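Enquirer: Pasting a structure below so you can have a look.
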Amino acid sequence: MPHGERARLTLDGNEAVAHVAYKLSDVIAIYPITPSSPMGEWTDQWAAQERPNLWSAVPAVVELQSEGGAAGTLHGALQAGALATTFTASQGLLLMIPNMYKIAGELTPAVFHVAARSLATQALSIFGDHGDVMAARATGVAMLASSSVQEAMDLAAVAHAATLRARVPFLHFFDGFRTSHEVAKIEPLDDEDLRALVDDGLVHAHRARALSPERPVVRGTAQNPDIYFQAREAANPYYLACPAIVQDAMDALAARTGRAYHLVDYAGAPDAERIVVLMGSGAETADETAAFLARRGERVGVLKVRLYRPFPAEALVAALPSTVRAVAVLDRTKEPGGAGEPLYLDVLAALTEAVAAGSAPFGRVPRVVGGRYALSSKEFTPAMVKAVFDELEAPRSRNHFTIGIHDDVTHTSLPWDPSFSIEAPDTVRAVFYGLGADGTVSANKNSIKIIGEDTEAYGQGYFVYDSKKSGSVTVSHLRFGPRPIRAPYLIERASFVACHQFEFLGRLDVLRTAEPGAVFLLNCPYGPADVWDHLPRAVQEELIVRHLRFFVIDGSRVARDAGLGGRVNTIMQTCFFAISGVLEREEAGAAIKRAIEKTYGRRGETVVRKNCAAVDAALAHLHEVNIPERVTSTLAPRSPVPDEAPAFVREVTARLIAGDGDLVPVSALPADGTYPSGTARWEKRNIAAEIPAWDEGLCIQCGKCVLVCPHAVIRAKVYAPAGLAGAPAAFKSAPARWREFGDARYTLQVSPEDCTGCGLCVEVCPAKSKAEVRHKAIDMVDQRPVHDAEVASWNFFLGLPEAARARLNAALVKDVQLLEPLFEFSGACAGCGETPYLKLLSQLFGDRALVANATGCSSIYGGSQPTTPWTVNGEGRGPAWANSLFEDNAEFGLGMRVALDAQATHARALLGRLQDAPGELAAALLAADQSTEAGISAQRERVRALGRRLAELDTPQARELASVADALVRKSVWIVGGDGWAYDIGYGGLDHVLASGRNVNVLVLDTEVYSNTGGQMSKATPRGAVAKFAAGGKATAKKDLALMAMSYGHIYVAGVAMGGNDTQTLRALREAEAYDGPSLVIAYSHCIAHGYDLRHGMDQQKAAVLSGHWPLFRYNPALASEARNPLQLDSKAPSLPLKAYVYNETRYTMLAHSHPETARRLLAEAQNDVLTRWRLYEHWASLAAPGSPVGTGP
Amino acid sequence: MIDLSTRYLGLRLASPLVASASPLCESLDNIRKMEDAGAAAVVLHSLFEERIDVESHHLDRYLSHGTESYAESVSYFPDLHDYNLGPEGYLEHIRRAKAAVDIPVIGSLNGVSTGGWLRIARKIEEAGADALELNIFYVPTDPALTGAEVEQMYVDLVRDVKRSVSVPVAVKLGHSFSATANVARRLDDAGADGLVLFNRFYLPDFDLETLDVVPKLTLSSPHELLVRLHWVAILYGHVHADLAITGGVHSAGDVLKAMMAGARVAMTTSALLEHGIDHLVGMRAGLLAWMEAHEYASIAQMQGSMSYRSVAEPAAFERANYMKVLSSYALRTPPRPGAGR
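Sequence order for the protein chains is A and B.
Residues 3 to 1196 in this note's numbering are what the first sequence spells out, letter by letter.
Residues 269 to 609 in this note's numbering are what the second sequence spells out, letter by letter.
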């Protein structure tokens, strides 16, 4: 379609790129990784819908076990003549690098689309920078950078077109989140555009080069010193030709669309003296800023590099105005120890070479400095661009600077003026604060589409999410205006601010961005007449000082009345349209209803009706508030952490919690990524509307509620009656039901400000009132009326002494509830099924555990800043936790074990050689029995005594022993991760580590899906379940990881489900830890990605066990030495039809709705899987053990 | 030759054997088997409007739950093209059943809202159902609601549905009315073409160990036939609507009794669930054998022959019968030691 008559679409960068990649590929090999996952998900979905590519074929989309696997499959597909592509980011790209060298070395056309993301270094970050793509720059791939959603679609097409002609594979990248997730209105490329770019003759030539027995060749030979070097150089002509081929493709695109791109594009004053060079979305900001400054007469410009490899040195030099005096090259990456970052060095070399060769339009090399910016999606604003231009004006501009942070250590950072803004006055700039659960982001995405599709206006949306998965706050940034929006940074001058949750006012400065005269819309339970008296003082001040217009609506009530629960999204969206005037009210109402029909129509008429009813009801409840002239409130914002918190928490963590992390200077942060444990306890998020209330008269003190609490917020203590002295009035207590504790008291206490209100504890409580069965020993109650009293009780409770571990029987759930949890208040989803296992692990072994945690949900809720749930006991001991990567976790944990063993061996040897060691102590240390808590405790005492003795000796030998003496105390190494790690990406390593025979404990938190990246299929996904990449229901059975491990014979293996049998879970964890060899515990973990109310998670676990989907068993090789069968079944033969278990979950029911016949078939097959597996296990368990005269099965 | 044919809802049926609404009818294969085994018509399983609403609500809730909260997982499920929520799946089932068998296919509907009843009733008609059975499953838990109000709701509903569709409409009733005969008359006046006696409601049970209320499903037993025979016999001749018996029909003898009481058809489900669909073959053979042995020429001959107005002792259907039955029961039961006082 000719330019100017084209339809426009509102979509994000991932979808824009996926569209092109899908159209131009035969084979798509994928593996999920943020922020590129949606590209794979789109293509999988389209393939499931049998959408054709440009050649009327449906591309084959295959999910692999890792990015390494995806790259290998890509390589193979290319060799067999397919047009193939893949999508990835960050560590995923690193795993593809070996194949990238191969694919490039073999001059194979292919495109890698990369949503560029930070690499895991001192910490993991899912956010955007160029660290990953820069690591791939030496592989021989061509690299093309896009700066916006429109460019991402356009240059994706250029990459696919150019690779076919150049035969050089392409890496097309765009900024993770900022471009991949930004929603924008663009002109999409249609099939004709793509046909105009891609030459079918080149496609056929690619196929003709493919491996075929009809014309056999060999590739991938081994070469010797005689020819390898020359053969490498043989590819030079292809690289020399590549830039011109890219430009040709860009020109062809321009001819179709009118959008002209060049290898490097210059923008700004024609006679600029100061120039910034950069790639990616930051180039848009720099371009707009340079234009703004140039209009003010400043001689500044921007050089946007689009083709980064092969580096277009000539084009770059030619594009610079001859007036240039100073150049700042900005790299969105850091190369520690380098002479400079990559783009800086490339530009420097290009300019130097050009001047030396006399081909530059200027006589001498301009002053060139390099700087780093926007690592990990750090904001890069016009003010920062201006600061760089300003710096270039200084006679001795700083080199190797940073911009966007405050570096008070090596003083690299440039200052900037945050008040500088170039926002266009004719744009609507709206900021919305919401909860994940209230649907704010979904509604805003719809609003952008409504405005994009129903008006001539352009829109842009960007969404900032929380680092917590429960009670998460979202901030939406929406811009609308008459021209395409080129502002890839957060809104700093909002003309409209909406706060969808009243509670935010006390803890977030929601009006920070409101410009004078802006509108403030608040969802609150108060009407226009009385809301003023409920506002914090700071909010009142801002309303008055900035002359804001103020509207309120009790949107939560409207939502409740309409049957929408807490989802206020369509209501608040209606109010936004009504107040902002972006659309006429009636027009807006009709458009919102059309969007509702489109979004929810497939979910049923009743859902559409409810939402439309809410739209109709909204405006009647919207009121403008007359703002008084004077501030009257005394309500002050709550301090993020209490005064008694440790210094680091007060000085650093608190600022992160308050949302001021961008202001934290370099000096405040650890240089090596090491952070203190136990910080989650200081972050009181207070997100539960309802919390459990204890009826001490009804409670049987079984401890089940404490066991299942995912956030360790409900706890029990047994203590002497004297402990009650000074208890708050509301503090509850009952006689302890432990005979051995005499007249002790028992208290079950909840932490109201840490509870997420999931309700798991109430569901699992077995104690019902005899007079009224719905009343249990714990019931959920409204938090507000009991908040103060419960906070006081919790604080008092914490001061009560912990139980003496040696007096407890750790085989009993009832006793385990009294063990102090060393994993608490994580940011996991409310009702999480994984965290109860980790908490239990921490209670049992936490004071001597090292935890190697695979990347995934457990590493995110376990290690995301600002706070960590891993904590310490009263003696300062607790789990030492580290996350290496996703794919290497088993090996990472094995490394810990090997090191500990080596240190222990070394320590024992030193002890034996140490002449001045007290003989008795040394002997006791060497012979210590550490199989019990008491034994370990005694050994710790001995090590302390040894330490004192060694300090006295102070010889080189003593100092050497002192440095490893801790290894003499038994340590417990736990290798923890999800099924994506254990079944897929890490399986090779896991298998090897288990086979090694070393004493490591592996805990697999099996949610049967990649939970953290949003529900993609893993090999743990059961047959018949719907997941991303298995939209038609998984057609194959769940991998039996346990069976594979049991086949070795020397590995302790257990299948556990806390909700199925908590005592068995406890027994398995303890046996696994006690077993002197590798152990594998696979724990059924219910998950938000299963699609049901997680308060019933433990019931569903029980159903999983009863149906036989999740048999409980323990395979203990130690039993073989007693001539017993190592395999013991702990659950009975399936007694519940599988259907009764699976159809409680949306992952199964959605298939039954969408493809009933398929669902019926897969269910029947899955039922057969269950029975077959049970028969196999039952048979194994009934076999006579070697050496035993009779069978030892159950 | 013995004539087993009957007329029900204006439809000419080859016999009075009808497979009533049950999960068996969810499968086309079963419907074909029913026809082959001798069912003269089939009532499909009920379409529950409330279930559609609940499923929609659940699907929406859980597809949305946890989405757009965390940057790595802005959603948890793929977006499937169609969830078939709403009556479309059921309507397609009617279309396919009609194409698969020659016997009449009767749709069954349980609505909640007036709009839902009418909207879906029309769609069931459009899908090709030969008739519609209204499965009114309503538990009036509100103490303020009177019996008269409940009855009026039934009457209004039947009248509204009759105005909306042109296929015959039968009403499946419960037996908890104070004045069943009066209700039947009023539904008859409202235009009901058939009355199906009686619905069996699934009642919850208690689990004494967990103190939970649990759903309980028990199959009907032959003794449940008696209350139905009783009321059909009473209503026969007092209403224009065709009468049908459902519940407790397990054998050919039960069918014969149903006919003699005045029913046009006898519907069976539990017996098929218990013994298989082929049980119908035996029932049909039993009918023929009994009629031959007792020299009956047609079903029509016996229909209503033992109704209230036809039996020698109408009092057997009235209260006096209660005393008679009780005393006969007492006579058959030997006294237990210590039980009397």
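Glycine residues also receive a C-beta, built at the ideal position from the N, C-alpha and C atoms.
Computed from a prediction, not measured in an experiment: that's the story for all the values here.
Of the residues A:V971, A:A531, A:S933, A:L916, which one's Cα is nearest the Cα of Q941 of chain A?
Expert: For this step, residue 941 of chain A is matched to residue 939 along the first sequence. Nearest Cα to Q941 of chain A within the set A:V971, A:A531, A:S933, A:L916: A:V971.
Enquirer: Short check: CB of V617 of chain A to CB of G583 of chain A, under 8 Å?
Expert: For the purposes of this step, residue 617 of chain A is taken as residue 615 along the first sequence, with counting starting at 1. For the purposes of this step, residue 583 of chain A is taken as residue 581 along the first sequence, with counting starting at 1. Not closer than 8 Å, so no.
Enquirer: Going by the CB atoms, is the gap between G519 of chain A and H625 of chain A shorter than 8 Å?
Expert: Locating residue 625 of chain A in the first sequence gives position 623, counting from the first residue. Locating residue 519 of chain A in the first sequence gives position 517, counting from the first residue. Not in contact: H625 of chain A and G519 of chain A (Cβ atoms no closer than 8 Å).
Enquirer: Within this structure, are the beta carbons of V302 of chain A and L295 of chain A separated by less than 8 Å?
Expert: One-based indexing of the first sequence puts residue 302 of chain A at position 300. One-based indexing of the first sequence puts residue 295 of chain A at position 293. A contact, by the Cβ cut-off of 8 Å.
Enquirer: Less than 8 Å between CB atoms is the rule here; does F578 of chain A satisfy it with respect to chain B?
Expert: Start at 1 with the first residue of the first sequence, and residue 578 of chain A comes out as number 576. No - not a single Cβ of chain B is within 8 Å of the one on F578 of chain A.
Enquirer: Using the beta-carbon of each residue, which ones in chain A are nearer than 9 Å to I320 of chain B?
Expert: Here residue 320 of chain B refers to the residue found at position 52 of the second sequence. Per Cβ cutoff of 9 Å: G606, E607, T608.
Enquirer: Classify H325 of chain B as helix, strand or coil using the three-state DSSP reduction.
Expert: Counting from one through the second sequence, the residue named residue 325 of chain B turns up at place 57. The answer is helix: DSSP assigns H325 of chain B an H, G or I state.
Enquirer: Give the interface partners of Y1143 of chain A over in chain B, defined as CB-CB distance under 8 Å, in chain order.
Expert: Indexing the first sequence from 1 puts residue 1143 of chain A at position 1141. What Y1143 of chain A touches in chain B: nothing, since even the nearest Cβ is about 16 Å away.
Enquirer: Using a threshold of 8 Å, state whether the C-beta atoms of L191 of chain A and D134 of chain A are closer than that.
Expert: Mapped onto the first sequence, residue 191 of chain A falls at position 189. Mapped onto the first sequence, residue 134 of chain A falls at position 132. No, these two residues do not count as a Cβ contact at 8 Å.
Enquirer: Does A245 of chain B get closer than 8 Å to chain A when you measure Cβ to Cβ?
Expert: The displayed coordinates of chain B run from 269 to 609. Any statement about residue 245 of chain B would go beyond what the structure contains.
Enquirer: Distance cutoff 8 Å, beta carbons only. Does H349 of chain B sit that close to anything in chain A?
Expert: As a first step, residue 349 of chain B is located in the second sequence; it is residue number 81 there, counting from the start. Yes, its Cβ sits closer than 8 Å to a Cβ of chain A.
Enquirer: Relative to the ligand FAD, is the shortest distance from any of its heavy atoms to the C-beta of A622 of chain A smaller than 7 Å?
Expert: You won't find the ligand FAD in this model; it holds no ligand whatsoever.
Enquirer: To the nearest angstrom, how far is it from the Cα of R604 of chain B to the Cα of L494 of chain B?
Expert: Working through the second sequence from its first residue, we reach residue 604 of chain B at position 336. Working through the second sequence from its first residue, we reach residue 494 of chain B at position 226. Here R604 of chain B scores only 45 on pLDDT, less than 50, and its place in the model is too uncertain to base an answer on.
Enquirer: Rank B:A526, B:C293, B:A568, B:D304 by C-alpha distance to the C-alpha of V311 of chain B and give the top, closest one.
Expert: Here the question's residue 311 of chain B lines up with position 43 in the second sequence. Comparing alpha carbon positions, the residue from B:A526, B:C293, B:A568, B:D304 closest to V311 of chain B is B:C293.
Enquirer: Can you look up D192 of chain A in the DSSP assignment and give me helix, strand or coil?
Expert: For the purposes of this step, residue 192 of chain A is identified with residue 190 of the first sequence, where counting begins at 1. D192 of chain A falls in the coil class under three-state DSSP.
Enquirer: Is the CB-CB distance between G1061 of chain A and P1113 of chain A below 8 Å?
Expert: In the first sequence, counting from the first residue as 1, residue 1061 of chain A sits at position 1059. In the first sequence, counting from the first residue as 1, residue 1113 of chain A sits at position 1111. No, the Cβ-Cβ distance between G1061 of chain A and P1113 of chain A is not below 8 Å.
Enquirer: How many whole angstroms separate the CB atoms of V978 of chain A and A856 of chain A, which I take to be in contact at a CB cut-off of 8 Å?
Expert: Here residue 978 of chain A refers to the residue found at position 976 of the first sequence. Here residue 856 of chain A refers to the residue found at position 854 of the first sequence. That pair is a contact at about 7 Å.
Enquirer: Looking at V512 of chain A and F506 of chain A, is the spacing between their C-beta atoms short of 8 Å?
Expert: As a first step, residue 506 of chain A is located in the first sequence; it is residue number 504 there, counting from the start. As a first step, residue 512 of chain A is located in the first sequence; it is residue number 510 there, counting from the start. Contact flag set, yes.
Enquirer: Can you tell me whether S324 of chain B is buried or exposed, with buried defined as 16 or more other CB within 10 angstroms of its CB?
Expert: For the purposes of this step, residue 324 of chain B is taken as residue 56 along the second sequence, with counting starting at 1. Burial call: buried.
Enquirer: What three-state label does DSSP hand H625 of chain A in the structure shown?
Expert: Position 623 of the first sequence, counted from the first residue, corresponds to residue 625 of chain A. Strand.
Enquirer: Helix, strand or coil: which one does DSSP assign to L984 of chain A?
Expert: Indexing the first sequence from 1 puts residue 984 of chain A at position 982. Checking the displayed sequence, the identity of residue 984 of chain A turns out to be Ala instead of Leu. Note: A984 of chain A maps to helix in three-state DSSP.
Enquirer: For a test of the three-state rule: what should DSSP assign to V1004 of chain A, helix, strand or coil?
Expert: Within the first sequence, residue 1004 of chain A is the residue found at index 1002, counting from 1. Correct three-state label for V1004 of chain A: strand.
Enquirer: Please decide whether G949 of chain A counts as near chain B, where near means a Cβ-Cβ distance under 8 Å.
Expert: Numbered from its first residue, the first sequence carries residue 949 of chain A at position 947. No, G949 of chain A lies away from the interface with chain B (no Cβ there is under 8 Å from its Cβ).
Enquirer: Based on the DSSP output, what are the partners of P472 of chain B in its beta bridges?
Expert: Here residue 472 of chain B refers to the residue found at position 204 of the second sequence. Bridge partners of P472 of chain B: B:P483.
Enquirer: Determine the burial state of E275 of chain A: buried for a count of at least 16 other Cβ atoms within 10 Å of its Cβ, exposed for fewer.
Expert: As a first step, residue 275 of chain A is located in the first sequence; it is residue number 273 there, counting from the start. Buried, since its Cβ has 16 or more Cβ neighbours within 10 Å.
Enquirer: On the three-state DSSP scale, how would you describe R747 of chain A?
Expert: Sequence index remark: in the first sequence, residue 747 of chain A carries index 745 (1-based). DSSP, reduced to helix, strand and coil, places R747 of chain A within a strand of the structure shown.
Enquirer: Does any residue of chain A bring its CB to less than 8 Å from the CB of E336 of chain B?
Expert: Here residue 336 of chain B refers to the residue found at position 68 when the second sequence is read from its first residue. Yes, because at least one Cβ of chain A sits closer than 8 Å to the Cβ of E336 of chain B.
Enquirer: If you measure from the beta carbon of T476 of chain A to each beta carbon in chain B, is any gap under 8 Å?
Expert: Residue numbering aside, residue 476 of chain A sits at position 474 when the first sequence is read from its first letter. Chain B, which has a Cβ nearer than 8 Å to the Cβ of T476 of chain A, makes this yes.
Enquirer: Counting only C-beta atoms, is H1155 of chain A closer than 8 Å to chain B at any point?
Expert: Position 1153 of the first sequence, counting from 1, holds the residue named residue 1155 of chain A. Judged by the 8 Å Cβ criterion, H1155 of chain A is in contact with chain B.
Enquirer: How many whole angstroms separate the CB atoms of A212 of chain A and A62 of chain A, which I take to be in contact at a CB cut-off of 8 Å?
Expert: In the first sequence, the residue the question calls residue 212 of chain A occupies position 210. In the first sequence, the residue the question calls residue 62 of chain A occupies position 60. Between A62 of chain A and A212 of chain A the Cβ distance is about 15 Å, and since that is not below 8 Å, they are no contact.
Enquirer: Determine whether the beta carbon atoms of S1 of chain A and E765 of chain A lie at a separation below 8 Å.
Expert: Because chain A is modelled from 3 through 1196, residue 1 of chain A falls outside the range shown and cannot be assessed.
Enquirer: The alpha helix (DSSP H) with P384 of chain A in it runs from where to where?
Expert: Position 382 of the first sequence, counted from the start, is the residue given in the question as residue 384 of chain A. Here the alpha helix (DSSP H) through P384 of chain A covers 384-395.
Enquirer: Output yes or no for whether 8 Å exceeds the beta carbon distance between D468 of chain A and N571 of chain A.
Expert: Your numbering for residue 468 of chain A matches position 466 in the first sequence. Your numbering for residue 571 of chain A matches position 569 in the first sequence. Taking 8 Å as the Cβ cut-off, D468 of chain A and N571 of chain A do not qualify as a contacting pair.
Enquirer: Please go through the segment 211-242 of chain A and give each complete alpha helix (DSSP H) segment of 4 or more residues, from N-terminal end onward.
Expert: Counting only runs of 4 or more, we get 230-235.
Enquirer: Determine, using beta carbons only, whether H498 of chain B comes closer than 8 Å to chain A.
Expert: Working through the second sequence from its first residue, we reach residue 498 of chain B at position 230. It does not; no Cβ of chain A falls within 8 Å.
Enquirer: Using the beta-carbon count (16 or more within 10 Å), is G360 of chain A buried or exposed?
Expert: Position 358 of the first sequence, counted from the first residue, corresponds to residue 360 of chain A. Looking at its Cβ environment, which holds fewer than 16 other Cβ atoms inside 10 Å, G360 of chain A is exposed.
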